[in-house]
Structure formats: C-alpha cells, structure tokens
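Here the sequence shown stands for residues 1373 to 1486, numbered as in my numbering. Using N, Cα and C, we set each Cβ at its ideal position, and we do this for glycine too. Here the structure is a predicted model, which is why all the values come from computation and not from measurement. Take a look at the structure set out below.
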Amino acid sequence: MSAQPQELTPEGPPPEKNLRAIRTALVVPQDRDGFDAGLDVVLAEVRASLDLGRLSEFIHTWWLVACDSIKDPQGRRDLYERADRVQELTDAGKPIPRGDKTWRQLLAERGVER
C-alpha cells in the first residue's frame, strides 16, 4: 500500500518534512527555482564533506518556506514582486522608498509577538 498525497491547504496540516513534499508545496516558481538550485549546492557540499547536517538545515529552512507558501501564496508572490522593484530601483541608482511602519508594528499586525 502506498501513501496517498496529502492535500495542501492553509487550514490543513503542514507538508511532510521531506524533499518531495516540500518541493510540491512551493507554489511560486521563484521558490521552486531557489529550492532546486540550493539543493544542488547542498548535495555537492554533503558529497564533499560527508556531513548530513547541512542537508538537515536545508530541509528545515525550505520546510518553513513551504509552510509559508501554503499559508499565504499571494504573499510569496508579492515578496518577489517587491524584490524585483527594489532591484530595478537599485540598478537605476534610485533610492529605495522606506515604509512608514517599524518592524515591531508589522509583526504585531501579523500576530507575531516578541
């Protein structure tokens, strides 16, 4: 008997903590591209060092991204759009606009307490 794929929804459980489940949960192409490129680098490092610690770190980091991707896919898309705009301004030598809120205010709006 094989395991059935789990449906990934914001209300559902997080993805399993394995490479296949994490990659499946990445809905934004830039995330999948980053995951694939990063995995190539990490596997080369593991081959050279024979230390799986770096792979565990990679899996945990991308699992967090996958959880965010499931919970707020539009937020992930918006993140890349903002990054592209900032890069365009930087490339043009223009100043980057600053927001009117502090990090604490932004985190509080999202229900994150320090």
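Does any heavy atom of the ligand NAP sit closer than 7 Å to the C-beta of Val-1458?
Within the structure as shown, the ligand NAP is missing, as the structure has no ligands at all.
So what does DSSP say about Ala-1480, is it helix, strand or coil?
helix
If the criterion is Cβ atoms closer than 8 Å, does the pair Thr-1474 and Ile-1468 meet it?
no
Nearest-angstrom Cα separation, counted from Arg-1419 out to Glu-1481
43 Å
So Pro-1401 and Cys-1439 are in contact, right, with Cβ under 8 Å, and what is the actual spacing, rounded?
So it is not a contact: roughly 18 Å between Cβ atoms.
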